[in-house]
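The sequence shown begins at 1 in UniProt numbering and counts up by one.
These notes concern the structure reproduced below.
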Amino acid sequence: MADPREPAIYRLPNELLLKIASLLRAPQSRAARLDLTSLSLVAKRLRQIAEDSLYRDLSHERLHIAPILRTLLSRPELALKVVSLGVLVLRKHASFGRASTTSFDYEALGDACLAKLEEMGYGSKHPWYKAVEARIGSALAGVLLTMLPRLRNLSMHILDVCFGSMPYTSDPAISLFGTENLPSPAVALFNSLTHLSIPAAHISMLTSDLQDLRSLVITDMIFDHMGRLQGPGTLPIGPRLTTLMLTIHLMAVAFTPAVVNGHFRLEYLIEALGCYSLETFHLTIFADGMVEWNVNSVYGLNSSIFSQICLVSMNRS
């Protein structure tokens with residue numbers, strides 16, 4: 001029986017308190033997170049409720065993962081709450097681009113990550129250890145990913161440089177883990193993802209076992225990415241995929257029908273993915289910075305119709 005001396009809000013069931021906290025979080029903004037942080041300081045019970053909402057969805061934390069990583073290393077029970085994550089990191093020192101007045105202790109964070117790697121069996125000679133030792137942001141992000149067994153939604157963007165039209169790395173696994181071989185916690189993570197959003201430069205990650213993936217977003221695809229596809233079934237994630245969203249950039253290239261028919265047919269991507277059971281397909285094509293075509297919620301498409309959509313879009317540019 002609830003103590004009648006408690007404030008009325010403490011007598012509410014946890015389910016209702018979680019709903020209230022989720023409404024505080026609804027606008028994905030710094031102000032919303034400050035509201036939840038304030039709520040967590042009110043009382044022990046409300047702290048648990050606020051933390052559930054604070055850490056369940058970290059998809060808006062794309063600009064600076066270091067504070068999140070520090071918190072989860074010191075309080076690993078919070079990692080079990082994370083369902084959604086956004087990662088936007090550089091393959092440079094984690095402090096790169098940060099204001100010089102920032103007092104964040106990257107050395108202490110790096111030391112904690114090195115201890116975590118040693119715990120997983122990665123010693124001082126492993127490339128991942130070396131990258132963390134150098135405090136490379138993407139390698140720290142790799143440590144973070146191995147700590148999130150309940151992650152289901154991942155948006156991942158790893159940059160080689162922070163400028164240019166296509167700054168994303170083409171070897172994301174090496175950027176994160178030092179080698180192409182994923183550590184076992186990362187394998188388990190990718191196995192359980194239901195939604196993944198990546199730039200086309202990271203398409204090599206699709207060779208991982210993504211057996212539960214239902215929704216895939218590929219952005220910033222250009223002519224070169226399509227040309228690197230290896231053929232049907234080489235990105236075998238498709239049998240359960242129901243939603244596919246593509247953003248394609250057609251710039252600085254003379255696209256004639258002959259070029260399109262020979263090299264840039266969407267059916268090649270569909271065949272590589274093996275996703276023949278799509279329910280929703282969303283295609284956005286940019287030509288010289290202008291949106292040329294946008295298809296949303298197209299049902300029952302076969303490979304020939306994908307190719308026709310691509311051709312129509314490019315003929316309009």
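Here a beta-carbon is modelled for each residue, glycine too, at the ideal position from N, C-alpha and C.
In this text the structure is predicted, and so the values were computed from the model without any measurement.
Per DSSP, which residues does residue i bridge with? Please list them.
| i | result |
| --- | --- |
| Y168 | L159 |
| T280 | T243 |
| H249 | F286 |
| residue 326 | Here the chain comprises residues numbered 1 to 317, so residue 326 is not present and cannot be evaluated. |
| H126 | According to DSSP, H126 bridges with nothing at all. |
| residue 403 | Since the first residue shown for the chain is 1 and the last is 317, residue 403 is missing from the structure and cannot be characterised. |
| L58 | L85 |
Return the CA-CA distance between residue i and residue j, expressed in angstroms with no decimal places.
| i | j | result |
| --- | --- | --- |
| D212 | N153 | 11 angstroms |
| L182 | T284 | 32 angstroms |
| R150 | K81 | 7 angstroms |
| I222 | T280 | 22 angstroms |
| K116 | A201 | 29 angstroms |
| S208 | S215 | 15 angstroms |
| D111 | G231 | 43 angstroms |
| P239 | E133 | 40 angstroms |
| E15 | L78 | 19 angstroms |
| D105 | L73 | 14 angstroms |
| L210 | A50 | 31 angstroms |
| D220 | M226 | 11 angstroms |
| I198 | H93 | 22 angstroms |
| G142 | H195 | 18 angstroms |
| R75 | D52 | 13 angstroms |
| S192 | A108 | 31 angstroms |
| D160 | L176 | 12 angstroms |
| K125 | I218 | 34 angstroms |
| I174 | L144 | 15 angstroms |
| L140 | L266 | 35 angstroms |
| A66 | A131 | 15 angstroms |
Excluding five sequence neighbours on each side, which residues of the same chain lie with their C-beta closer than 6 angstroms to the C-beta of residue i?
| i | result |
| --- | --- |
| P185 | T146 |
| P172 | I158, H202, M205 |
| D57 | S84 |
| H249 | I222, F286 |
| L148 | A79, V82 |
| F96 | L90 |
Along the chain, where does the beta strand (DSSP E) containing residue i start, and where does it finish?
| i | result |
| --- | --- |
| M221 | 215–221 |
| S197 | 195–199 |
| G86 | 84–90 |
In terms of residue numbering, what span does the alpha helix (DSSP H) encompassing residue i cover?
| i | result |
| --- | --- |
| K116 | 106–120 |
| P76 | P76 -> no alpha helix (DSSP H), and no H or E assigned at all. |
| L273 | 266–273 |
Give me, in chain order, the residues of the same chain whose beta-carbon lies closer than 7 angstroms to that of residue i; leave out the 5 immediate sequence neighbours on both sides.
| i | result |
| --- | --- |
| S59 | S84, L85, G86, N153, S155 |
| T101 | With a pLDDT of only 46 at T101, under 50, the local geometry of the prediction cannot be trusted, and no value is derived from it. |
| Y129 | L114, L117, Y122, G123 |
| R135 | H93, A94, Y106, G110 |
| T234 | A272 |
| Y268 | M226, L229 |
| P127 | G178, T179 |
| T71 | L78 |
| residue 318 | Since the first and last residues shown for the chain are 1 and 317, residue 318 lies out of range. |
CB-CB under 8 angstroms to residue i, same chain, minus the five flanking residues each way: which ones, in chain order?
| i | result |
| --- | --- |
| S277 | G238, P239, R240, L241, T242 |
| G274 | P232, G233, L235, P236, I237, G238, P239 |
| D187 | The question names Asp, but residue 187 is Val in the sequence shown. Result list for V187: S208, D209, in chain order. |
| residue 321 | Because the chain is modelled from 1 through 317, residue 321 falls outside the range shown and cannot be assessed. |
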